[in-house]
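>
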Amino acid sequence: MKKLKFSKQHVLFSVLFVSVMLLPFATDALLGRGWVRIVDFAMLYIMLALGLNIVVGYAGLLDLGYIAFFAVGAYCYALTGSPHLALAFPLLFPDGLHLSFWIVLPLAALLAGGFGALLGAPTLRLRGDYLAIVTLGFGEIIRIFMNNLNAPINLTNGPQGISRIDPVSVAGVALNTTQQVFGIELPSVHLYFYLFLSFTALVVFVSRRLEKSRIGRAWMAIREDEIAASAMGINTRNLKLLAFAMGAAFGGVSGTLFAGFQGFVSPESFSLMESVMVLCMVVLGGMGNIYGVILGGLLLALLPEVLRHSVVPLQQALFGRIVIDPESLRMLLFGTALIAVMLYRPAGLWPSGVRRRELESDEVAP
Amino acid sequence: MEIFLQQIINGLVQGSVYALVALGYTMVYGILGLINFAHGEVVMAGAMLALSALTAMIGWGAPPLLALPVSLLFAMAGCMLLGFGIERIAYRPLRHAPRLAPLITAIGVSIVLQNLAMMIWGREYHAFPQLISNHPHQIYGAIINDIQIIIVIMALLIMAALMGVVHRTRLGRSMRAVAENQHAAQLMGVDVNRVISITFMLGSALAAVAGLMVSANYGIAHYYMGFLLGLKAFTAAVLGGIGNLRGAMLGGLLLGLIESLGAGYIGDMTGGFMGSQYQDVFAFFVLIAVLVFRPSGLLGERLAERA
Amino acid sequence: MSEPLLALSGIGKQFGGLAALTDVSLHIRRGEIYGLIGPNGAGKTTLFNVVTGLYQPGCGEFHFDGRSYQTAKPHVLAQAGIARTFQNIRLFANLTALENVMAGRHVRTRAGVFGALFGLKSTRCEERDSTLRARELLRYVGIKKSSQTLAKHLSYGEQRRLEIARALASEPLLLALDEPAAGMNATETEDLKVLLQDIRANGITVMLIEHDVKLIMGLCDRVAVLDYGRKIAEGAPDEVRSNPAVIAAYLGSDDE
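Chains as they are written, first to last, in the numbering used here: chain A, 16 to 381; chain R, 17 to 323; chain C, 5 to 260.
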């Protein structure tokens, strides 16, 4: 009986694995290449949401400026992996500094984590909503600096952003090109899909390991009752700082990937609304539950795109012309969906598995 | 010296608006412990409604001195209805839900309102009709115009009236009771739902006034104006100590002053490295610094955690 | 006898000009059950919070297990060997019973992020050991429901016992209980009494605040009485019971 169940799980897992591997081809064939790109972005959002889930879902710290760490990672690679530094320091780097993505990645994670700790250190003793506003302020500060650090030294190129960022290359193969593998043609978006998929899998793995560890338990204890946690000997300050830094590091990693994928970064991508969106993914999906967060990330990343592609034809079918500005109608529906989902499922679409775990039989040993 | 005085005046004007909006945030927070993320959009709605009413009435040939108060009342009524609706639809069903659920619905409401406004009023900036004389007065070299004087005086009057309502009336007492302990207030016969609705409506009425003031001062209104204003006002409320009415007023005025002085002097202070585009950075830095030293804001109570 | 486990001398604590504790001195000996009683608002819980590091004393000296602590944080004292429960139960409501107890083992375990990520052998061993110990403790305090039940779904009495299990998980020298019998019926209180005696028999010193005078008298080796933030009596339960100052404090006296 047990064996059967096990193999059933295996089959399920294999089916899931194969369908995910085929996803870019299926998307490409059914919806077109533009959609593969959208799916790639959805993966980035999922990574971000999983990173924020550590901060909000596990440790219970409301962070409204999370996108700042994404920005730190993105600008890290934008500066060191593009010709841009030639503008700022023409003598030092006449062609810019073209560091390899794989060198920048850990550095960006470290730097973003460092920023997380830097922000957290003075502010983590604030109560929930005060922390929220401070993180929000921090996010805005980072964005304003990016917007304005084009003078006196042109570090960020201001609102125009930095372009011509080197693509990510894996084993000498630049991912912005089309590759042939065993006679199968893999366009750039497909290659990036598999790269992002691997990183997402890594983030999921890390989250799962942490969740079921002593550290994860301590985070959740803090989330549930900070005073009781500290009375149990948990150093709440250090652990909150750790959660902040780790979440930030994940953000930095996603940001670096984003810069390499997009080849271009500008402050516009890191507005407060983006932070809010990532938070919505976490809460709407189901705080603290990895699969819920993935679901939330996928839905909220795809929904606006689905709406974008459906409101115009829908209006034309209904009224024969475009009655309402499609962009605002799309966002209107999106906002309504947010409200509706939260009203019907206040704990999120797929809440933390504790309830399920509770139902699983468990003998307290005879 | 003229610059200093001018920045003080600008700061006071901007600060009075922040204070009015911050009061809306702080009242709701005080009673429900909830960040009403959609409040900024209510301000925007107030400005837009007032502007529409004003344009229509001027079109019918109504005298400005009649049109202005009538459109203000119209906007206030509209916003009160809006505030009432928002609470009813997006917050009330979630009163016992996990803490972040109402934050997400609030974000949803704010997206909806913004885009509704975009559908109704379009993406363009709307000019605010010139109704009151915009006559500039010179005070020791600094300039203040009639609209600005009216804004500051009106804001002060409204705040005084609000304090009167909260501290002198039966309604105010119920509000304070609900803020203190919802359950106990209910046991004592306070209609908690009614008090919460009224609180939202009061805050929204203030938001309408603030919306009108902002658009009159800058001469324009726009569907996106609520976002940054709401953000700043919320910052002001936190600066003063969220949940505390006097704190919201103090925080609003201070934030206005800090911003305008910061914008005026930040260039000199950093040797020209940072210009007035860093105004917002300055405001947030001050906020963070204040919270580091006074974690509950300037006038916030120090809540000793009880074991 | 050896030096006391906990020695407080001249502890004072003020809240905005209001003296909650004034010049409180007391010694708790190793292996005893020490009761703290007093009328409502006498400062028992305040003293308790000082002992467990939640409040910093305004003045006075604080020695525990031979070391002096001036401004110790709760987690430092937990590390030193003080574990507590709360008057109004503060469990980690959305964690399972098992996880609650395992969280209590935090100070006695050391696995970090690295070990968790790479599944190091030491981490896995520690985790398995922790789980076993936690299960044992759940059984020990008498929680019969599944260890995977969420703390918030346990009955009131079980929640109280779970708090004790969680506290015991940190292998304390001193177990401090804030009104452990509050809200319990007679049978449950009797079970609790047996449990506490057994805990003491295992070498853990117990300090408790309690309103149930019968429980205190039947359980404690020594009792201290607080009134208006001052210690007005200390000694064996029988002595204390007949102390006129105590009687006055409880019944209210006219000559104040």
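Glycine residues also receive a C-beta, built at the ideal position from the N, C-alpha and C atoms.
Please report the distance separating the alpha-carbon of V55 (chain C) from that of D240 (chain A).
For V55 (chain C) and D240 (chain A), the gap between their C-alpha atoms comes out near 19 Å.
> Using a Cβ cut-off of 8 Å (strictly closer), state whether L67 (chain A) contacts chain C.
No, because no Cβ of chain C sits closer than 8 Å to the Cβ of L67 (chain A).
> According to DSSP, is L319 (chain R) helix, strand or coil?
At L319 (chain R), the pLDDT of 42 sits below 50, so the modelled position is not reliable and the matter cannot be decided from this model.
> How close, in whole Å, do the beta carbons of Q130 (chain R) and E57 (chain R) come, if the pair is a contact with beta carbons under 8 Å?
Indeed they touch by this definition, with Cβ atoms about 6 Å apart.
> From the DSSP output, which residues share a beta bridge with C63 (chain C)?
C:G16
> Distance, Cα to Cα, A355 (chain A) vs L344 (chain A)?
16 Å
> Determine the closest residue to G66 (chain A) out of A:Q331, A:N304, A:L347 and A:E320, with distance taken between C-alpha atoms.
A:N304
> Go to K197 (chain C), then tell me how far its beta strand (DSSP E) extends in each direction, as first and last residue.
Where K197 (chain C) is concerned, there is no enclosing beta strand (DSSP E), although the alpha helix (DSSP H) it sits in stretches over A190 to A205.
> Roughly how many whole angstroms lie between the Cα atoms of S246 (chain C) and I203 (chain C)?
Their backbone Cα atoms lie some 29 Å apart in a straight line.
> Give the secondary structure of I262 (chain C) by DSSP, where H, G and I count as helix, E and B as strand, and everything else as coil.
Beyond the ends of chain C as shown, which are 5 and 260, falls residue 262 (chain C); an answer cannot be given.
> Can you name the start and end residues of the alpha helix (DSSP H) that K149 (chain C) belongs to?
Unbroken run through K149 (chain C): none, as it is neither H nor E.
> Measuring straight from C-alpha to C-alpha, what distance separates N250 (chain A) and G35 (chain C)?
N250 (chain A) and G35 (chain C) have their C-alpha atoms roughly 28 Å apart.
> One question on the structure: do A101 (chain C) and S151 (chain C) come within less than 8 Å of each other, judged by their Cβ atoms?
Cβ atoms of A101 (chain C) and S151 (chain C): closer than 8 Å.
> Please classify H112 (chain R) as buried or exposed, where buried requires at least 16 neighbouring CB atoms within 10 angstroms.
exposed
> Would you be able to state if there are at least three C-beta pairs under 8 Å between the stretch 57-66 of chain C and the stretch 11-26 of chain C?
yes
> Between the C-alpha atoms of P184 (chain C) and R164 (chain C), what's the straight-line distance to the nearest angstrom?
Distance between the alpha carbons of P184 (chain C) and R164 (chain C): 7 Å.
> Using only alpha-carbon positions, find the residue among A:A127, A:M247, A:F28 and A:P137 that is nearest to R229 (chain A).
A:M247
> Listed in chain order, which residues of the stretch 158-182 of chain A have Cβ atoms closer than 8 Å to some Cβ of chain R?
I159, F160, N162, N163 and P167
> Taking beta-carbon pairs under 7 Å, can you tell me which members of the stretch 214-236 of chain A lie near chain C?
V221, R224, L225, S228, R229, I230, R232, A233, M235 and A236
> Output the distance between the C-alpha atoms of P202 (chain A) and F208 (chain A), rounded to the nearest integer angstrom.
10 Å
> Just checking: is the beta-carbon of M302 (chain A) within a distance shorter than 8 Å of some beta-carbon in chain C?
Cβ-Cβ to chain C under 8 Å: no for M302 (chain A).
> Quick one: is L230 (chain R) buried, meaning 16 or more other Cβ sit within 10 Å of its Cβ, or exposed?
Before going further, note that residue 230 (chain R) is Val rather than Leu in the sequence given. Buried: at least 16 other Cβ atoms inside 10 Å.
> Residue range of the alpha helix (DSSP H) that G152 (chain A) falls in?
G143 to N163
> What first and last residue would you give for the alpha helix (DSSP H) that runs through E57 (chain R)?
H55 to G75
> If you check the beta carbons only, do S269 (chain A) and L63 (chain A) fall under 8 Å apart?
yes
> Skipping 5 residues on each side, what residues in its chain have a beta carbon closer than 6 Å to that of K23 (chain A)?
none
> Using CA atoms only, rank isn't needed, just tell me which of C:K235, C:L154 and C:G161 is closest to V145 (chain C).
C:G161
> Among all the DSSP beta bridges, which residues are the ones paired with L30 (chain C)?
C:L12
> Unbroken alpha helix (DSSP H) runs of length 4 or more, entirely within the stretch 217-261 of chain A: which are they?
229-239 and 241-246
> Of all the CB atoms in chain C, is at least one closer than 8 Å to the CB of I249 (chain A)?
yes
> Closer than 8 Å by C-beta to G239 (chain C): which residues in its own chain qualify, once you throw out the five before and the five after it? Chain order, please.
R226, V227 and N247
> Express the C-alpha separation of L102 (chain A) and P167 (chain A) in angstroms, rounding to a whole number.
Counting only the Cα atoms, L102 (chain A) lies some 12 Å from P167 (chain A).
> Can you find a C-beta in chain A that's less than 8 Å from the C-beta of G124 (chain R)?
Output row for G124 (chain R): interface = yes.
> Out of A:A332, A:T215 and A:G152, point me to the one whose CA is closest to L134 (chain A)'s CA.
A:G152
> Going by the C-beta, is V168 (chain R) closer than 7 Å to any heavy atom of the ligand NAP?
Judged by which ligands are present, the structure shown has none, so any question about the ligand NAP falls away.
> Under 9 Å between beta-carbons, which chain A residues line up against T283 (chain C)? List them in chain order, please.
Lying before the first or after the last residue shown, residue 283 (chain C) is absent from chain C, which here runs from 5 to 260.
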